[in-house]
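S.K.: Input: one structure, supplied below.
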Amino acid sequence: MTQTRPGGRFQPVRRLRTSAKRDRRCPRPPGGKAPRTPLAYGTVLAVLIVALAAAGTAALAWGSVNIPPTDVVDILTGQAHGPSPYRTIVLDVRLPRVILGAAVGAGLAVVGTTLQALVRNPLADPFLLGVSSGASAAAVSVIVLGLGAGMATTVTIPTASFAGAFLALLVVYALAREPGGGFTTTRLILAGVAVSYVLAALTSLILVVSARADHLKEVLYWTLGGLGSARWDMLALPLTVLAVGTALLIALARPLDLLLVGEEGATVLGLDTARFRAGVFVLTSLVTGVLVAHSGAIGFVGLMVPHAARMVVGAAHRVLLPVAALMGAVFLVVADLAARTVAAPQDIPVGVLTALTGGPFFLWLLRRGRAREGAQA
Amino acid sequence: MRLHVEDLSYETPSGRRLVDAVSLAVSAGETVGLVGPNGSGKTTLLRCVYGALRPTGGRVLLDGDDLADAGVKARARRIATVPQDGQTGFELTVRQIVAMGRSPHKRFWEGDTAADEDLVQGALERVGAAALAGRAFARLSGGERQRVLTARALVQEPAVLVLDEPTNHLDIRYQLEILGLVRGLGTANLLALHDLTLAAYYCDRLYVLDAGRVVASGPPGDVLTGELLAKVYGVAAEVVVHPATGAPTVTYLPGTVGEPRA
């Protein structure tokens, strides 16, 4: 053991003094803003992964037929012996639905987080900004009007959704943007609501004109949002787009952080904001479009989850995005389980449930934001 | 290293000329002050220099390279500033805000290294904000924010430091500390300042702007005269060389001079 160098002895003393000073100045760190260690982030991820596994198992076990969770685990791990009636339910009916739910929840949370940074407003959400409505309106047009006939709907619907999402986002962005380049909460929400209404009306119009009963149910499904259509053969596209989109956005964490300090702040720190925004708009539209093509417009997940995630790990995107993705996945798997079971055998569209919880949350956020603005003035 | 502003003009889209053919130069190790009344074009000129505005005429040269040809990121590696709109609705910590200063030196996917973290810590200590490191930036006072954003500019390791009212919101002790710190960096410093006595003490040379034009320039002792202050600011003032500092000190006399300014 070597002797402690004279300089080394001062280290702990200095550290103690700084922490004592911090404690004196700020006895209760506001909002739990203590410096975060990688361990805390690792713990959060581990807890969320366990929660996702638990929620997934519960979602596989419960429903119109209740299956003991131990049997579910046996089936999943291939330890179930002989043909079992549960096998089909778990593997072919419920598992694709759970996977789609997790993917859509994660995707909406990631897109919501990103949009909030992009417009520098914590009230942004793919649903509130009209992006989801754009995607579903385009999807409905394709179904009802038979656009792109002859091509597989697994291609035409996601493509149309992406285009619809992108167009809606561009329109809302153009309407809400002020000459100086900023976005006020009011303008943004009004623009989003206006675009959503127009798109909803357009969807209804297309439906009325077409007047076919079999379209009605399908359109309703897109408007309300649900995961009931999940099948194994349709999971590849949403999972791929989700994985690539999320990985890219996590890689873009640094410029996303820069956007949070404002247009001029980001520019003087070396970010070409116009080009970056344009690129991220395309990326978020793509993810939203493809997810909405498979689940319909599920609202408020992209609003609530990023907030919850920020409360846990802060606003830096490198840690925020993975946490938001996992939280979104857990949230939607649980919400869909509730949607299937609360009024069983009725299968409530999960979008109805998320709106029921999300609406009040949005109002709370609006009030809190106003209180804070008032306090600052 | 030399910053050269050449015949720079800026006209708003509606045709108002805020900066009119201004030329100035700042060398490495030199601190140059920009003074002038409200609306004289100081902020607009500085925003053109650090790239938030595109000048409608003239050039900004760094060692002869036209900055209009350099990318946003290349410019941010050489020029640092404290921008005006530092507000954010999201809760980033002070440490995260300061670490953003490393961005121009990084590929977008790169994280911060231990060396970056040392730079951040060092900069926070230099501006006296080390105790704030873990706090939420959005909840700091105006003066605390100003110091934190100054630390971020230091972390950028720029050749040129452009600061618009760096002493805004600061109490007198931090005003002196920040100006002394900036002066000692060895960078080419271009500062807009309201306090003429501070400007005279900390700047090697001053440029006086009025209605977008340079009306006087040179060492503070030559530029700051009662006559000039009466003409540009419309105030009566006495300028004496202070025995302790050796720099001109401005004392304002009651009442104003001439017509009120538009």
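Line by line, the protein sequences give chains C and H. Each position in the first sequence, counted from 1, maps to that position plus 274 in the numbering used here. Each position in the second sequence, counted from 1, maps to that position plus 718 in the numbering used here. For each residue, glycine too, the CB sits at the ideal point set by N, CA and C.
Please list the partners that H/P822 has in chain C, where partner means a Cβ-to-Cβ separation under 7 Å.
M.R.: L543 and G544
S.K.: Listed in chain order, which residues of the region 510-536 of chain C have Cβ atoms closer than 9 Å to some Cβ of chain H?
M.R.: I524, A525, L526, A527, R528, P529, D531, L532, L534, V535 and G536
S.K.: If we define contact as Cβ-Cβ less than 8 Å, is C/E452 a contact residue for chain H?
M.R.: no
S.K.: Just tell me which of C/V378, C/T351 and C/Q353 has its CA closest to the CA of C/G234.
M.R.: Because residue 234 of chain C is not part of the residues shown, which for chain C are 275 to 651, the question remains open.
S.K.: Establish whether the CB of H/V740 and some CB of chain C are separated by less than 8 Å.
M.R.: The beta carbon of H/V740 sits no closer than 8 Å to any beta carbon of chain C.
S.K.: Hey, quick one: how far does the alpha helix (DSSP H) through H/V737 stretch, first residue to last?
M.R.: From DSSP, H/V737 is part of no alpha helix (DSSP H) but of the beta strand (DSSP E) over R735 to S745.
S.K.: Is C/H615 helix, strand or coil by DSSP?
M.R.: Per the sequence presented here, residue 615 of chain C reads as Thr, with His not at that position. In the displayed model, C/T615 falls within a helix according to three-state DSSP.
S.K.: Between which two residues does the beta strand (DSSP E) containing H/V750 stretch?
M.R.: T749 to V753
S.K.: Can you tell me which of the three DSSP states C/A510 falls into?
M.R.: helix
S.K.: Below 8 Å, can you find three or more Cβ-Cβ pairs linking the region 489-508 of chain C to the region 753-766 of chain H?
M.R.: Fewer than three Cβ pairs drawn from the region 489-508 of chain C and the region 753-766 of chain H lie within less than 8 Å of each other, which leaves the two stretches out of contact.
S.K.: Are C/V416 and C/T430 close, meaning C-beta to C-beta below 8 Å?
M.R.: A distance below 8 Å separates the beta carbons of C/V416 and C/T430.
S.K.: Give the range of the alpha helix (DSSP H) segment to which H/G936 is assigned.
M.R.: It is not in any alpha helix (DSSP H) - H/G936 instead sits in the beta strand (DSSP E) that spans R931 to G936.
S.K.: Which of the three DSSP states is assigned to C/V339 in this structure?
M.R.: coil
S.K.: Touching or not, the region 343-361 of chain C and the region 542-557 of chain C, by the rule of three or more beta carbon pairs under 8 Å?
M.R.: no
S.K.: Using a 10 Å radius around the Cβ and a threshold of 16 neighbouring Cβ atoms, would you call C/K491 buried or exposed?
M.R.: The C-beta of C/K491 has fewer than 16 other C-beta atoms within 10 Å across all chains shown, which makes the residue exposed.
S.K.: Could you say which of C/S338, C/I349 and C/R361 lies nearest to C/A612 if we only look at CA atoms?
M.R.: C/S338
S.K.: With H/L726 as the anchor, note down where its beta strand (DSSP E) starts and where it stops.
M.R.: R720 to E729
S.K.: Starting from the C-beta of C/P343, find all residues in its chain whose C-beta is less than 6 Å away, skip the five residues before and the five after it, and write them out in chain order.
M.R.: T331 and A335
S.K.: How about C/G667 and C/G381: do their beta carbons lie closer than 8 Å?
M.R.: With chain C running from 275 to 651 in the structure shown, residue 667 of chain C is simply not present.
S.K.: Could you confirm whether any beta carbon from chain H is found closer than 8 Å to the beta carbon of C/P343?
M.R.: no
S.K.: Identify whether C/V518 lies in helix, strand or coil by the three-state DSSP scheme.
M.R.: helix
S.K.: Skipping 5 residues on each side, what residues in its chain have a beta carbon closer than 7 Å to that of H/D784?
M.R.: R777
S.K.: What residue does the beta strand (DSSP E) around H/R777 start on, and which one ends it?
M.R.: Looking at the DSSP string, the run of the beta strand (DSSP E) that includes H/R777 is G775 to L780.
S.K.: Determine the closest residue to H/R870 out of H/R813, H/K949 and H/F808, with distance taken between C-alpha atoms.
M.R.: Distance check between H/R870 and each of H/R813, H/K949 and H/F808 places H/R813 closest, using alpha-carbon atoms only.
S.K.: Measuring CB to CB, does C/L606 end up less than 8 Å from C/V624?
M.R.: yes
S.K.: For a quick check, are the C-beta atoms of H/D830 and H/R820 less than 8 Å apart?
M.R.: Yes, they are a contact pair.
S.K.: Can the beta-carbon of C/G519 be found less than 8 Å from the beta-carbon of C/L557?
M.R.: yes
S.K.: Hey, C/A448 and C/A412: beta-carbon distance below 8 Å or not?
M.R.: no
S.K.: Taking DSSP as the reference, what is the three-state secondary structure of C/I323?
M.R.: Three-state result, C/I323: helix.
S.K.: Quick one: list the residues of chain C neighbouring H/L810, beta-carbon separation under 9 Å, in chain order.
M.R.: D531, L534, V535, G588, A589 and A590
S.K.: Within 10 Å of its beta-carbon, does H/G959 have 16 or more other beta-carbons around it, so buried, or fewer, so exposed?
M.R.: As written in the sequence, residue 959 of chain H is Val, which differs from the Gly given in the question. Exposed: under 16 other Cβ atoms inside 10 Å.
S.K.: With 9 Å as the limit, tell me which residues of the region 368-398 of chain C have their beta carbon closer than that to any beta carbon of chain H; keep them in chain order.
M.R.: Those residues of the region 368-398 of chain C that come within reach of chain H (Cβ to Cβ, closer than 9 Å) are Q390, A391, R394, N395 and P396.
S.K.: Under 8 Å between the Cβ atoms of H/Q874 and H/P801?
M.R.: No, Cβ-Cβ distance for H/Q874 and H/P801 is not below 8 Å.
S.K.: Would you mind telling me which residues of chain C sit closer than 7 Å to H/V790, beta carbon to beta carbon, in chain order?
M.R.: T541, G544, L545 and D546
S.K.: Can you give me the C-alpha to C-alpha distance between H/A817 and C/A487, rounded to a whole angstrom?
M.R.: As the crow flies, the alpha-carbon of H/A817 is around 59 Å from that of C/A487.
S.K.: For H/P876, name the three-state secondary structure that DSSP assigns.
M.R.: coil
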